[in-house]
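Protein chains in written order, with my numbering: chain A, 7 to 318; chain B, 7 to 318.
In this text, a Cβ means the ideal position worked out from N, Cα and C, and glycines have one as well.
On a predicted model such as this, the values are computed, not experimentally measured, just so you know.
What follows is a single structure, written as structure tokens, with notes after it.
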């Protein structure tokens, strides 16, 4: 079984009230693949970088076991750059600068070896590019996608076209409300699932995630951490853990999806502990298993005692 | 076993983008007692109203089985009035008007019959008034308290004096951060528990609640509702369900506290379904038991499969 992820590979500069980092390895495809490879031996990346992308960063991904045959290098171009600033409580951020660079003309052409990918993860990109990737893969078992407010506002029709092809959409709560113009998340989830994705996962940052499937809702907590250095990439690491766990499962059902959301939350909880994707590099299976167990302890409700008293 | 609650009894006017209500029965003591009485036959209210408080509202509380011997009536005064407006997503609100009226000179003098109360709930009030009530009760088993940013900012020393006497503090996330000036909730929780309360519950509105005890954290989800009419009183109904369940327990331990947080969340989830406390009036035990079961389904994580694969 294999996982293909298309998305950005980037330089990220990050400011928080407590520290900063400059031009670290970033991008949705980097975080997603570095998280997924803990669950899967065959993780394939599709993206583009410029001639300025250092060999050292390429090596981080390669050492992580990520297949880079789909990483295009535009020698004359510059790598996508993002600069963000987090606020005091680390839950909100402002984008200070975005330089698309080589991403502006990105037209992915998949290596032949990628065409049989089983799970396809469409990172946050122009919806048309997401479809270009999907069109090339031969009948994937599962399509997971992310998007953002920019595409909801600027390419709504193209986004809807992509959504019809998606099995599992992973977006945040503000995006879910905006996508179908409904302030109530339960109603919004119904409307979004009517657009195509049978499964919807709404990420809520430090408040965890909600999984909506047919007739059922699952609420996963976030892991309460004492030190959060850098929330960048948490959502992409979440998608990587999610896809990674589902790759191990025979069926995508309520049980496997709930577990996948927990493993996604686990990978997100690790990534925020350091600037950039560093924390994803030194994890072992027991770290992941232990933290997953902590999630279970965190959310465990003891068997409830039915209320018998009749109120006065 | 008995529960005493001191707090406001109020007229609330509520505006939301979807509707409004004028001068409905409100106040922390009203919501708290109307929620707690579903779990307990002996729920005692301490508060003050003016001569303008209608017999009809008094009857709602009395019909609910709330002991009103501690509800003072200042015939020449006017009842506390609050006017709030909720925003589009119902998670944020602005206070448009607050008229303290009879509350400005409130100096509670408990009926003798209240002095043996087992659980004391100190609703959000001036910390000195909270202590005045506590001083009069003869050695309660459990003291639960709420507070708000106004007292954190304006009477910090008096608030700390009250906190030393509190077993279980129930506040929201912004208040927790502000109380000890720490943006991280886990560190903030440690610091708050050092001020006195062995148990800390942080309410997060539509994102659920966190329970911090010695060495353990529990994350309870919020119930995903399709229609939220009016979030007013949800936090007080939460405290009522919490106290109500603990009143049924022999010990305040990890198990009983986790269940109590769920029952608190259950009562909060009901109250937001209608304007004012109406929804608390027509509930039966099976409604409460059924929704508590829904919380368990909502949060259930299937047994996890340990990760065995060694990453490449």
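Legend entry - Contacts around residue 58/A, its chain only, beta-carbon distance under 7 Å, and the 5 residues preceding and following it disregarded: Here the set comprises 84, 85.
Inset, instruction - Grab me the residues of residue 117/B's own chain with a C-beta within less than 6 Å of its C-beta, minus the 5 sequence neighbours each way, in chain order. - result: If the five residues before and after residue 117/B are omitted, its C-beta is found closer than 6 Å to the C-beta atoms of 75, 76, all from its own chain and listed in chain order.
Legend entry - In DSSP terms, what residue 319/B is bridged to: Missing from the structure shown is residue 319/B; chain B here goes from 7 to 318 and no further.
Legend entry - Proximal residues, the region 194-220 of chain B versus chain A, C-beta separation under 9 Å: Cβ proximity to chain A below 9 Å picks out 195, 196, 210, 212, 213, 214, 216, 218 from the region 194-220 of chain B.
Legend entry - Within chain B, the residues that residue 130/A reaches when beta carbons sit closer than 8 Å: Here the premise fails: no neighbours, minimum Cβ distance about 22 Å.
Legend entry - Any chain B beta carbon closer than 7 Å to residue 294/A: Between residue 294/A and chain B, the shortest Cβ-Cβ separation is below 7 Å.
Inset, instruction - Within the same chain, show all residues whose beta-carbon is closer than 6 Å to that of residue 218/A, passing over the 5 residues directly before and after it, in chain order. - result: Closer than 6 Å at the Cβ level, and outside the excluded window around residue 218/A, lie 195, 206.
Legend entry - residue 317/A at chain B interface by Cβ criterion, 7 Å: Confidence at residue 317/A is low in this model, with a pLDDT of 45, below 50, so the placement of that residue is unreliable and no value is reported for it.
Legend entry - Residues of its chain near residue 113/A, where Cβ-Cβ distance is below 8 Å and the 5 sequence neighbours each way are ignored: Hits under 8 Å: 135, 138.
Legend entry - Alpha carbon of residue 233/B to alpha carbon of residue 197/A, nearest angstrom: Within the model, the alpha-carbon separation for residue 233/B versus residue 197/A is close to 15 Å.
Inset, instruction - Measure from the alpha carbon of residue 126/A to the alpha carbon of each residue in 264/A, 9/A, 106/A, then state which is nearest. - result: For the residues 264/A, 9/A, 106/A, the minimum Cα distance to residue 126/A belongs to 9/A.
Inset, instruction - Going by CA-CA distance only, name the one from 107/B, 88/B, 108/B that's closest to residue 99/B. - result: Relative to residue 99/B, the option among 107/B, 88/B, 108/B whose CA is nearest is 88/B.
Inset, instruction - Kindly list the residues whose CB is nearer than 6 Å to the CB of residue 16/B, restricted to its own chain and excluding five residues on each side of it in sequence; keep chain order. - result: Only 32, 33, 86, 88 meet the Cβ criterion.
Inset, instruction - Write down every uninterrupted run of the beta strand (DSSP E) in the region 134-164 of chain B whose length is 3 residues or greater and which is fully enclosed by it, in chain order. - result: If we require 3 residues or more, the beta strand (DSSP E) runs fully inside the region 134-164 of chain B come out as 148-151.
Inset, instruction - Could you tell me whether the region 267-279 of chain B touches the region 288-298 of chain B, using the rule of 3 or more Cβ pairs below 8 Å? - result: Here the region 267-279 of chain B lies against the region 288-298 of chain B, with 3 or more beta-carbon pairs under 8 Å apart.
Legend entry - Local Cβ density within 10 Å of residue 162/B, reported as buried at 16 or more and exposed below that: Exposed, since its Cβ has fewer than 16 Cβ neighbours within 10 Å.
Inset, instruction - Output the distance between the C-alpha atoms of residue 265/A and residue 191/A, rounded to the nearest integer angstrom. - result: Each residue's Cα considered, the two are about 22 Å apart.
Legend entry - Closest residue to residue 304/A among 213/A, 27/A, 147/A (Cα-Cα distance): Of 213/A, 27/A, 147/A, the smallest CA-CA separation from residue 304/A is found for 213/A.
Legend entry - From 178/B, 155/B, 182/B, 150/B, residue whose alpha carbon lies closest to that of residue 171/B: 150/B is the residue among 178/B, 155/B, 182/B, 150/B whose C-alpha sits nearest the C-alpha of residue 171/B.
Legend entry - Contacts that residue 225/A makes with chain B (C-beta to C-beta distance below 8 Å): Among the residues of chain B, those whose CB is under 8 Å from the CB of residue 225/A are 214, 227, 228, 230, 304, 305, following chain order.
Legend entry - Which of helix, strand or coil DSSP assigns to residue 375/A: Here chain A covers residues 7 to 318 and nothing more, so residue 375/A does not appear.
Inset, instruction - State the DSSP-derived secondary structure class of residue 22/A, mapped to helix, strand or coil. - result: Annotated three-state conformation of residue 22/A is strand, per DSSP.
Inset, instruction - Could you spell out where the alpha helix (DSSP H) holding residue 52/B opens and where it closes? - result: Element bounds for residue 52/B: not the alpha helix (DSSP H) but the beta strand (DSSP E), 49-56.
Inset, instruction - Spatial neighbours of residue 104/B within its chain, please: CB distance less than 6 Å, with the 5 preceding and 5 following residues excluded, ordered by chain position. - result: Counting only Cβ-Cβ distances below 6 Å, and skipping sequence neighbours, we find 88.
Legend entry - For residue 79/B and residue 318/A, the rounded distance between their alpha carbons: For residue 318/A, the pLDDT reaches just 42, beneath the cut-off of 50, and the residue's location in the model is therefore unreliable, leaving the point undetermined.
Inset, instruction - Have a look at residue 147/B and residue 133/A and give me their C-alpha separation to the nearest angstrom. - result: Taking the straight line joining both Cα atoms gives about 60 Å.
Inset, instruction - Kindly provide the ranges of any alpha helix (DSSP H) runs that are 4 or more residues long and lie completely inside the region 238-278 of chain A, ordered along the chain. - result: Runs found: 240-253, 260-277.
Legend entry - Coil, strand or helix - residue 319/B by DSSP: In the structure as shown, chain B begins at 7 and stops at 318. Residue 319/B is therefore absent and cannot be evaluated.
Legend entry - Short CB-CB distance (under 7 Å) between residue 298/A and chain B: Yes, because at least one Cβ of chain B sits closer than 7 Å to the Cβ of residue 298/A.
Legend entry - residue 215/A in three-state terms, based on DSSP: Residue 215/A falls in the strand class under three-state DSSP.
Inset, instruction - Quick one: using the 10 Å Cβ neighbour count with 16 as the cut-off for buried, is residue 160/A buried or exposed? - result: Classification of residue 160/A: exposed, given that the 10 Å Cβ count is below 16.
Inset, instruction - Answer with yes or no whether the minimum CB distance from residue 261/A to chain B is below 7 Å. - result: Cβ-Cβ to chain B under 7 Å: yes for residue 261/A.
Legend entry - C-beta neighbour in chain A for residue 114/B, strict 7 Å: At least 7 Å separates the CB of residue 114/B from every CB of chain A.
Inset, instruction - May I ask whether a heavy atom of the ligand NAP can be found less than 6 Å away from the beta carbon of residue 75/B? - result: The ligand NAP is not among the ligands present in this structure, which contains no ligands whatsoever.
Legend entry - Backbone CA spacing between residue 145/A and residue 310/B [nearest angstrom]: Roughly 29 Å between the two C-alpha positions.
Inset, instruction - Tell me whether residue 226/A sits in a helix, a strand or coil according to DSSP, three-state version. - result: Residue 226/A sits in a strand when the DSSP states are folded into three classes.
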